[in-house]
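Asker: Before I ask anything, here is the structure I am working with.
There are 2 protein chains.
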Amino acid sequence: MIKKGLLVIGAALLLLSCGENPTKKSTYVKNITELNAAIKNAAPGDEIVMANGDWTDVEIRFIGYGNDKNPITLKAETAGEVIIKGKSDLKLGGEYLLVNGLYFTEGSSPTRSVIEFAINQDTVANHSSVRNCVVLDYNKGQRNQTDIWVQFKGRYNELDHSYIEGKANRGPTVRVDLEGNRSIKNYHKITNNYFGPRPPKGGPSAETIQIGNSYTSMAPSYTLVANNFFDRCNGEVEVISSKTNFNEFRNNVFYKSEGSLVTRHGNYCIVDGNYFIGDDNSEQIGGIRLIGTGHWVMNNYFYNLKGKVFRSPLAVMNGIPKSPLNRYIQVTDVVVAHNSWINCTSPLQFGVGSNVDQKDVLPASEIRSERPIRTIVANNLIYNEKSDKQPIIAHDSLDGITFKSNLINNQGGSLKYSSGFRQEEFLLKELEDKILISSGDLPEFELYQGFEFDQITKDLFGNSRMTMNSVGAISGTSVEKPNLMDLSKYGPDWYALKSVDNASAKMHAAGSVSELETAIQDAKSGDTIILTADRYELKSSMKINKKLMIRSADADSKVAIQYLGAPKTPVFEMNPKGHLILKGVNLKGTNSQYAFASLQSNMSSLYNLNVNDCEISDFDYVLKGYKYSFSEYIKFNSTLIKNCANGLELSAENDDRGDYNAENIFIDNCQFENVNKNVIDYYRGGYDESTVGGNLKVTNSSFKQCGFQEKNGVLINTYGIINVDISGNKFQNNKVELVARLWGAKNNSHSDNVIENSGKLVVEQNLPLKLMY
Amino acid sequence: MIKKGLLVIGAALLLLSCGENPTKKSTYVKNITELNAAIKNAAPGDEIVMANGDWTDVEIRFIGYGNDKNPITLKAETAGEVIIKGKSDLKLGGEYLLVNGLYFTEGSSPTRSVIEFAINQDTVANHSSVRNCVVLDYNKGQRNQTDIWVQFKGRYNELDHSYIEGKANRGPTVRVDLEGNRSIKNYHKITNNYFGPRPPKGGPSAETIQIGNSYTSMAPSYTLVANNFFDRCNGEVEVISSKTNFNEFRNNVFYKSEGSLVTRHGNYCIVDGNYFIGDDNSEQIGGIRLIGTGHWVMNNYFYNLKGKVFRSPLAVMNGIPKSPLNRYIQVTDVVVAHNSWINCTSPLQFGVGSNVDQKDVLPASEIRSERPIRTIVANNLIYNEKSDKQPIIAHDSLDGITFKSNLINNQGGSLKYSSGFRQEEFLLKELEDKILISSGDLPEFELYQGFEFDQITKDLFGNSRMTMNSVGAISGTSVEKPNLMDLSKYGPDWYALKSVDNASAKMHAAGSVSELETAIQDAKSGDTIILTADRYELKSSMKINKKLMIRSADADSKVAIQYLGAPKTPVFEMNPKGHLILKGVNLKGTNSQYAFASLQSNMSSLYNLNVNDCEISDFDYVLKGYKYSFSEYIKFNSTLIKNCANGLELSAENDDRGDYNAENIFIDNCQFENVNKNVIDYYRGGYDESTVGGNLKVTNSSFKQCGFQEKNGVLINTYGIINVDISGNKFQNNKVELVARLWGAKNNSHSDNVIENSGKLVVEQNLPLKLMY
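If you read the sequences in order, they're chains A and B. Heads up: the first sequence begins at 85 in the numbering used here, then just goes up one per residue. Heads up: the second sequence begins at 85 in the numbering used here, then just goes up one per residue.
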């Protein structure tokens, strides 16, 4: 008996000594009070189960100390059925904590983060995971209200198999912080997540992942970002902004994301085996942009990318001499090896950002004159089904770059820089949609054996390069399909990705004002409302907070909407996520109101507006975008605008911090008559050359008797807008000094305009802008 | 038989497979041709033996590929008896090479380095060692001719048990290069070396060890500098300049070295268990100066240091906001724990270099306004036998620093900043000379347990802190003596350190010009020549290239030396290493010559000059220091200087790069009469605030009828000199605008001067200086 007892004690000691908790308990909690109590009492190995249902206005502080074998778990009763809403957040502190299955939606954080791996400066979380969770549209009220949705601190933490979509306000979606020794050498992992669409913010600070910042750019980080899907992460020019050292980016898919993976600060990062998938219709989708020292870029696959310069498939930047901490360190000691560019436009660009020609207008500390040096570009593959005019663009000298053993099939197109490139005819075959591999006829080819190239042991698919090796990202001709678009690999199992199902869109007929009001209220996003009456007299604004088409029943005849609402109210009040397509309407005010306007505040997400075949008259403003509002698309087609005090006013961002009010404004085949001022007033302030918006196209339109009350003397104001195209228009009898003042150093152009008695259209090479840094 | 044969083959295979070379050979070589052939034929495990004797003008290119178990060795037949001289150097390339026992002296490198771990950019050495070697006075002709004596490249290389002394020209003694991926993560070791005296250079670029540079300051280096003795390494303000990441400095002795160990660029370095030994007579001997992020400073022992500000025992600097790459990164996340400061003056200084008050005269990119943050100072010990007025100096706010559990015995002296310091009476006892340890009466004391403080497992002597721990560098009261000054632990066994043996100094009597000339030629360094005649007529210059005293036989009566040499020749030509002490001489020219001058070129080392009880008259120049010449000490005492066109001219360094011509100029109790211009002309140009020289003292002297041909209108020109003291002097009837223009922002002062009819003595707070960076 004694012996047996000793054995039992021995076994118990053994268990305890391994960190085992023989009395693991599970606690079911129904509200925050019970949850707090359970957290307080949790021991290693315990789990806390949150009851299904809504948890509103809860600030969860999950503090606990589990261990390697026995984490403390906080989980949903049923994954996805615990809804965290209202003013709620989750912060973790301690060791070995696991959060599983929570769904954050219909609310916003009351603090600076939705999920944070820290309670405060001293209490961070380590070895902790957030898994299988969703954060959806959990936006603060307005885009200038900053937060982070997942904020990493501490060490060895993970975000995995989660889904995050819809951040529209200021601040990266996910950020890793490295202030303090507790948070360096962090080895965090961000893996197998689905990053759903993030709309453009119109200005900086809208990265999907940011790792560190310039002030901690010297810190060793070792963050791993692997096996994630980035679906249209369009927040700003940087989808991922790596700002610390030794980070690794492996096997992610960047799907039609309007931005790039950027090694913005910090050095010695690895970018290995990622997919960058573009789209014929977007010149905003980028690839990899490199700044700094010692990065290795290998096994990456770039497909159908049309991004330019900063957003080119591979943009290797110029640096600033002795760069300030927050600007551009020279590229040195970088290796770009075994990548494939398929059907990309000018995929390889070097010396990007060179602005030596601006040295008279910018301070010396802004001049990127230092070209890449000690950089190797070897064993890469370029393949174009149609010849590309300039596969390689040199914005500065290439003499610091060693090109070796690269293979290109440009369908006979010429190659301006051909040193280190072998031009051959060969075919690729489709392994699956978007993935082309060798069809077996690659020429005999001696690969370059660079320093430590023997450490590139695997290809894009993880197949060994030791037995068989070849140029480009994919080695071999008979390989398994990667199933690139199998989205089940990403995010939580329980969260079915919403598909935009236009088939389910409904039609609503509205024959009266009240029917119209009811239809707008009842319609689901994507529905169409058909105006069946000839005339409507509206007395109050219509709130647009979803995607709606409103159109005349008869495509050939316009319906009249007379607006009698209060002064300074809009006919259509554009709310967050509102998207109005208006067609065949004669919209008329009584001179004091607005045709369209954003909310004055609380624009927690963006709005869009398409106006076709309409007539708009007798308003104070045609469109007024308030400060902090943002629209991705504003399109006017075949529309007559007349007798208005103001036209399209999208210039409320006057802080000169790079923000602006609309990403794209397209005016085609329209007529402006008697619009007194602000005919088109579109503004972006602050010198931030990495911003590549907004975009204005004014084409095939006419402007008559406009602008005679314009104080600044410019009919179409585009100050600070990067891409402007004014062409095929007719300007007659507009009492202004200038039709427009374009920015020659940027992508501003004009052509085929007829200008009569309307001032001049001038192009200035450089605009004075307030420096942001 | 077959079986046995197989076994033999098997054994051979086994040997080969382990990298063994069963036929190791030793090749004896007598000249460079044989050496080159032997190198060419060397296989792993082979050794090449260089014959004893002189090897003159040899450029050794030691290229070979040894392996882990079988390096290729190049060694002296007898260590120390292979003398490499003339225009010679040694470069290594390949793997596993070992160099042993060579002696570089009486020559200089024909290239940019004496010993280099690289043949060229592509062929570096790895896993190679230079051991048991000496490099002595192997200077290039002039101090502006740059070289490196041991240049590291590649990875895993070592310099150990070697002796290096006397570098006087531009360039660090030892430098680690990190350009290119081949040379990062280098894990080089610099261990057990004796770094003998390096004289001050008078300007930057005279470090004893430099690891990287600002352009590679982002690179991971991992260089180890351990167990070395730095003996009066006075080249410049930085004895060691760490400019990359993750370097380690352990258990070194810095003995009366006029400079500091500086983490100049790069971050996350470890400074653990070093000794910094000062001297009552020097305010130039520093300790550790910190710039940047994440350094750990622990277990260091500081004794009797009197250095100030930049050279204070611990100088924690202020940074520049968003600093340019080559300037001052803010101090963040630094830990200073378990160090001891014994009898140091103002040992802890924070915010060093703060120059916010200069913001109107310097560009913003030069203003060090960012105080240290997230920095911990804990568990340290300060002990003063005599009360120190200000043990802690705050040059800026201390609010970013956490002080915890520091113990101080300031003998009752007050403590301005006392938070985190416990003031107690306790005694230390002498373990050995310069080493004080607890006598057992330290108060009960709770140590601070900071983040990762558990990783400070050992104390200064390597004793465990796990069982017993206490404040300061040394834990415990009964410990073994470190034998700090046992110099046999450093450098090669075969090289006996030269001791300056004044007992062997000889006297030489010189009763005629020819006897004087012979005596100067024959005398050994340290000897004295006694002038026994009353008068000498010299027709040519006397070359001083060693330490000599020349004095009158009778201390009370001066000997006349009439110089009749050619115009522009000096009576005493100061050669490299020349040190003249002239006493009781009446030195007279014929107006066209110089009393003293350096060589016009080829000043490969410095000179010194002491003039006592002399009279100097009728010269063109009293002293002319040519460009690239340098003197550590120029002293004039009780000497009359009259009827000269020029006085002391030490202003030939006009490149404004921080260089200057003399470290110390001391004039005491002298009379200047009828010196027309350049009475004292001492100049340093270029704004380089880390330079802390030169030093000028003019005391108790008189100036009459001087300066009437002075073009710049200033009698005593001290432009750019950091430390100036003009006091107790009398200025009468000097036709100048200013007696002096002092630099108030630096350590310039004046007092008790009588000024009659001689212009003004003004102090200007800020001088316009050319920025060097």
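Glycine is no exception: its CB is placed at the ideal position from the N, C-alpha and C atoms. All values derive from a computational prediction rather than experimental measurement.
What is the DSSP secondary structure of A:Y299, reduced to helix, strand or coil?
Answerer: As a first step, residue 299 of chain A must be located in the first sequence, where it is residue number 215. If DSSP states are grouped into helix, strand and coil, A:Y299 belongs with the helices.
Asker: Buried or exposed: B:D472, going by 16 or more other Cβ atoms within 10 Å of its Cβ?
Answerer: Looking up residue 472 of chain B in the second sequence gives position 388. Buried, by the Cβ-count rule.
Asker: I need the DSSP call for B:N748, collapsed to helix, strand or coil.
Answerer: In the second sequence, counting from the first residue as 1, residue 748 of chain B sits at position 664. Strand at B:N748.
Asker: One question on the structure: do B:G556 and B:N423 come within less than 8 Å of each other, judged by their Cβ atoms?
Answerer: Reading the second sequence from its first residue, position 472 is the one you call residue 556 of chain B. Reading the second sequence from its first residue, position 339 is the one you call residue 423 of chain B. Yes, the pair counts as a contact, with Cβ atoms nearer than the cut-off.
Asker: Buried or exposed: where does A:G437 fall if 16 or more other Cβ atoms within 10 Å of its Cβ makes it buried?
Answerer: The sequence position of residue 437 of chain A within the first sequence is 353, counting from 1. Its Cβ being crowded by 16 or more others within 10 Å, A:G437 is buried.
Asker: Tell me which residues share the same chain as A:E143 and place their Cβ nearer than 7 Å to its Cβ, disregarding the 5 neighbours each side in the sequence.
Answerer: Within the first sequence, numbered from 1, the residue matching residue 143 of chain A stands at position 59. Taken in chain order, the residues that qualify are S172, D173, P194.
Asker: I want to see whether chain A comes within less than 8 Å of B:D585, judged by CB atoms only; does it?
Answerer: Within the second sequence, numbered from 1, the residue matching residue 585 of chain B stands at position 501. For B:D585, the pLDDT reaches just 46, beneath the cut-off of 50, and the residue's location in the model is therefore unreliable, although a value from the coordinates is still provided. Chain A contact via Cβ: absent.
Asker: Looking only at its chain, what residues have a beta carbon closer than 6 Å to the beta carbon of B:A163, apart from the 5 residues adjacent to it on each side?
Answerer: Working through the second sequence from its first residue, we reach residue 163 of chain B at position 79. Cβ neighbours of B:A163 beyond the five flanking positions: G185, N216, W578.
Asker: Checking contacts by CB at 8 Å: is A:L409 closer than that to chain B?
Answerer: Here the question's residue 409 of chain A lines up with position 325 in the first sequence. Answer yes: the Cβ-Cβ gap between A:L409 and chain B drops below 8 Å somewhere.
Asker: Report yes or no: is there a C-beta of chain B within less than 8 Å of the C-beta of A:N210?
Answerer: Counting from one through the first sequence, the residue named residue 210 of chain A turns up at place 126. It does not; no Cβ of chain B falls within 8 Å.
Asker: Classify A:P69 as buried or exposed, calling it buried when 16 or more other Cβ atoms lie within 10 Å of its own Cβ.
Answerer: Absent from the structure is residue 69 of chain A, since the part of chain A shown begins at 85 and ends at 857.
Asker: At a Cβ threshold of 8 Å, is A:K565 touching chain B?
Answerer: Working through the first sequence from its first residue, we reach residue 565 of chain A at position 481. Answer no: the Cβ-Cβ gap between A:K565 and chain B never drops below 8 Å.
Asker: Kindly indicate which residue of A:I460, A:N439, A:W425, A:K488 has the alpha-carbon position closest to the one of A:N468.
Answerer: Position 384 of the first sequence holds residue 468 of chain A. For A:N468, the nearest C-alpha among the options comes from A:W425.
Asker: For B:N265, go through chain A and note every residue whose CB falls closer than 7 Å to its CB, in chain order.
Answerer: Counted from its first residue, the second sequence places residue 265 of chain B at position 181. The answer, in chain order, is G378, D417, F535, E536.
Asker: Between the segment 350-366 of chain A and chain B, which residues of the former have a C-beta closer than 9 Å to a C-beta of the latter?
Answerer: Listed by position along the chain: G350, N351, Y352.
Asker: Going along the chain, which unbroken runs of the beta strand (DSSP E) with 3 or more residues stay wholly within the segment 345-381 of chain A?
Answerer: DSSP runs (the beta strand (DSSP E)) wholly in the segment 345-381 of chain A: 354-356, 359-361, 372-374.
Asker: Among residues of its own chain, excluding the 5 on either side of A:N841, which ones have a beta-carbon nearer than 8 Å to its beta-carbon?
Answerer: Translated into positions along the first sequence, residue 841 of chain A becomes position 757. Here the set comprises Q816, N817, N818.
Asker: When you compare only the Cα positions, how much space is there between B:M552 and B:F537?
Answerer: Taking the first residue of the second sequence as position 1, residue 552 of chain B is located at position 468. Taking the first residue of the second sequence as position 1, residue 537 of chain B is located at position 453. Roughly 14 Å separates the two Cα atoms.
Asker: Between B:I839 and chain A, is there a C-beta pair that is closer than 8 Å?
Answerer: Within the second sequence, residue 839 of chain B is the residue found at index 755, counting from 1. Cβ-Cβ to chain A under 8 Å: no for B:I839.
Asker: Just grab the DSSP bridge partners of A:M134 for me.
Answerer: To locate residue 134 of chain A, count along the first sequence from 1; it is residue 50. DSSP, once it has assigned bridges, lists A:V113, A:A160 as partnering A:M134.
Asker: Okay, do the segment 471-487 of chain A and the segment 499-513 of chain A touch, 3+ Cβ pairs below 8 Å being the bar?
Answerer: Contact holds: three or more Cβ-Cβ distances are below 8 Å.
Asker: Could you tell me whether the Cβ of A:R458 comes closer than 8 Å to any Cβ of chain B?
Answerer: In the first sequence, residue 458 of chain A corresponds to position 374, counting from 1. Chain B contact via Cβ: present.
Asker: Determine the extent of the alpha helix (DSSP H) in which A:T257 is found, giving its start and end residues.
Answerer: The sequence position of residue 257 of chain A within the first sequence is 173, counting from 1. Note, A:T257: premise wrong, no alpha helix (DSSP H); not H, not E.
Asker: Would you please state the rounded distance, in angstroms, between the beta carbons of B:G769 and B:I806? I believe it to be under 8 Å.
Answerer: To locate residue 769 of chain B, count along the second sequence from 1; it is residue 685. To locate residue 806 of chain B, count along the second sequence from 1; it is residue 722. Not a contact, Cβ separation roughly 12 Å.
Asker: So what does DSSP say about A:K630, is it helix, strand or coil?
Answerer: On the first sequence, residue 630 of chain A is found 546 positions in, with the first residue counted as 1. Looking at A:K630 - three-state DSSP - the assignment turns out to be coil, as it is neither helix nor strand.
Asker: If you check the beta carbons only, do B:A594 and B:T616 fall under 8 Å apart?
Answerer: Taking the first residue of the second sequence as 1, we reach residue 594 of chain B at position 510. Taking the first residue of the second sequence as 1, we reach residue 616 of chain B at position 532. Yes, Cβ-Cβ distance for B:A594 and B:T616 is below 8 Å.
Asker: Rounded to the nearest angstrom, what separates B:E757 and B:E249 at their Cα positions?
Answerer: The residue labelled residue 757 of chain B in the question sits at position 673 within the second sequence. The residue labelled residue 249 of chain B in the question sits at position 165 within the second sequence. The alpha-carbon atoms of B:E757 and B:E249 are separated by roughly 42 Å.
Asker: When you compare the CB of A:L97 with every CB in chain B, is at least one pair closer than 8 Å?
Answerer: For the purposes of this step, residue 97 of chain A is taken as residue 13 along the first sequence, with counting starting at 1. Bear in mind that a pLDDT of 44 at A:L97, under 50, signals an unreliable position, so the model cannot answer this.
Asker: For B:F333 versus B:F279, is the C-beta spacing smaller than 8 Å?
Answerer: As a position in the second sequence, residue 333 of chain B is number 249, starting the count at 1. As a position in the second sequence, residue 279 of chain B is number 195, starting the count at 1. No, Cβ-Cβ distance for B:F333 and B:F279 is not below 8 Å.
Asker: If you measure beta-carbon to beta-carbon, which residues of the segment 299-318 of chain A are closer than 9 Å to chain B?
Answerer: Cβ contacts with chain B: Y299, T300, S301, M302, A303, P304.
Asker: For a test of the three-state rule: what should DSSP assign to A:N336, helix, strand or coil?
Answerer: Within the first sequence, numbered from 1, the residue matching residue 336 of chain A stands at position 252. DSSP places A:N336 in coil when its eight states are reduced to three.
Asker: Got a sec? Which residues, its chain only, sit under 6 Å from B:Y870 by beta carbon, not counting five neighbours each side?
Answerer: No answer is possible for residue 870 of chain B: it lies beyond the span of chain B, which begins at 85 and ends at 857.
Asker: Using a threshold of 8 Å, state whether the C-beta atoms of B:M302 and A:T377 are closer than that.
Answerer: One-based indexing of the second sequence puts residue 302 of chain B at position 218. One-based indexing of the first sequence puts residue 377 of chain A at position 293. Yes, they are a contact pair.
Asker: Where in the segment 410-469 of chain A do unbroken runs of the beta strand (DSSP E), each at least 3 residues long, occur, reported from the N-terminal end onward?
Answerer: Whole beta strand (DSSP E) segments, 3+ residues: 419-421, 424-426, 432-436, 459-462, 465-467.
Asker: Against chain B, does A:I375 count as a neighbour if the rule is that its beta carbon must be under 8 Å from one of theirs?
Answerer: Indexing the first sequence from 1 puts residue 375 of chain A at position 291. No, A:I375 lies away from the interface with chain B (no Cβ there is under 8 Å from its Cβ).
Asker: Using the beta-carbon of each residue, which ones in chain D are nearer than 8 Å to B:S449?
Answerer: You won't find chain D in this structure, because its protein chains are A and B.
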